[in-house]
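For the sequence shown, position 158 (counting from the first letter as 1) is numbered 1137 according to the working numbering, and the numbering increases by one without interruption.
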Amino acid sequence: MVIKMIHPEKIIFGLDSFGDIPRDSEGKLFTQAEAIRQVIKEAKMADELGIDVIALGEHHRADYAISSPDTVLAAIAAITKKITLATGVTVLSSDDPVRVYERFATLEAISSGRAEAVLGRGSFTESFPLFGYDLQDYDLLFEEKLNLYSKLLDEKPVTWEGSTRAPLKNADVFPKTEKGKIATRIAVGGSPESVVRTAKYGFPLTLLSEVLLRDSKHILSYIKRLQQSLDNKLIQLQFIRTE
980 MVIKMIHPEK IIFGLDSFGD IPRDSEGKLF TQAEAIRQVI KEAKMADELG IDVIALGEHH
1040 RADYAISSPD TVLAAIAAIT KKITLATGVT VLSSDDPVRV YERFATLEAI SSGRAEAVLG
1100 RGSFTESFPL FGYDLQDYDL LFEEKLNLYS KLLDEKPVTW EGSTRAPLKN ADVFPKTEKG
1160 KIATRIAVGG SPESVVRTAK YGFPLTLLSE VLLRDSKHIL SYIKRLQQSL DNKLIQLQFI
1220 RTE
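Here's what the structure looks like:
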C-alpha cells in the first residue's frame, strides 16, 4: 500500500449534522420540522462563509430529525453555490442500491456536480427492523449491496443476482450524471475487514474513529495493519475529526 501525505493547504473543513433537535431560549424542544429547516439555513450560511462540505447523517429515531439526508441536501443544493453536499452516512445495508444511485444522481443534477455519497453499514441499527432486514445479515447485506452499487456507478446496463434483493437483467438506471460517475466514499469504524472490502472495490475510505485519532501512535499502528492487509494497493484515506 502506498501512503501519500496530504499538503496542509488541501485539508478541507466541513460540518456534519444528524438533525439533532435543539431547544429554544426557554428550554422547549424544537419540532423535527423546525430542526430540518434550521439545518438548511445553517448550510446556506456555511456556503456563504466558504465551508468546503456539509455532511448529513441518516437516522430513524426521535432524537434526530433527518431520515432522508439526500432530500435535505437537495433543498440545500437549490440555495447554495459551492459547498460539497455529502451524506454521513447513507446506510446502504438497509437501503436499495438502485434507489441510492437514482437519488444521488438526481442530487448531482440539482447541485451541478456537488453530490458525494458516503456509504456505510450503519453504527445505529434502527433502520434494519424498520425496513424488514435481519441484523444477522449485517455483513452480507452490505457486501452484496455494495457490489451492486459499484456496478451501477459505471452507468451502463447491469445484470446482477444475489440473495438480498431481486435480480437485475440488463437493467439501465437513470438519470445519468454529467461527470459519468457519482463521487462515492465508504465510511468505516476501523475494522481491517471493512478497509480491505473498500480497497477491493476501489473506493476512497473515510475513517471516523476517535480511538485512532486520539494520538499519532494509533494512526501509525493502523496504517501498519493496512499495509499488511493490502499489499501494494493504493487506497485514499480520509480521517475525520469531530468535535
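Note that the Cβ used here is the ideal one computed from N, Cα and C, for glycine as well.
Remember, it's a predicted structure, so these values are computed and weren't measured experimentally.
### Query
What span of residues does the alpha helix (DSSP H) with T1066 cover, start to end?
Here T1066 belongs to no alpha helix (DSSP H); instead the beta strand (DSSP E) covers 1063-1066.
### Query
Going straight from the alpha carbon of T1138 to that of L1132, what length do you get?
13 Å
### Message
If you follow the alpha helix (DSSP H) that S1106 is in, where does it begin and where does it stop?
### Response
1106-1109
### Contact belief for V1068 with G1036 at Cβ below 8 Å, rounded distance in angstroms
6 Å
### Task
Decide yes or no for the touch test of the segment 1098-1105 against the segment 1046-1055: beta carbon pairs closer than 8 Å, at least 3 of them.
no
### Nearest residue (CA-CA) to K989, options L1119, D1031, R1082, R1078
D1031
### Query
Applying the criterion that 16 or more other CB atoms from any shown protein chain within 10 Å of the CB defines a buried residue, is L1064 buried or exposed?
buried
### Query
If you draw a straight line from the C-alpha of A1150 to the C-alpha of P1136, how long is it?
5 Å
### Simplified DSSP assignment, three categories, for I1055
helix
### Message
Tell me which residue opens and which closes the beta strand (DSSP E) that E1095 is part of.
### Response
1094-1099
### Residues bridged to G993 [DSSP beta-bridge criterion]
V1032
### Task
Check the C-beta distance from V1077 over to L1071 and give it rounded, since I have them as a contact under 8 Å.
Actually they are not in contact, since the Cβ atoms of V1077 and L1071 sit about 12 Å apart, beyond 8 Å.
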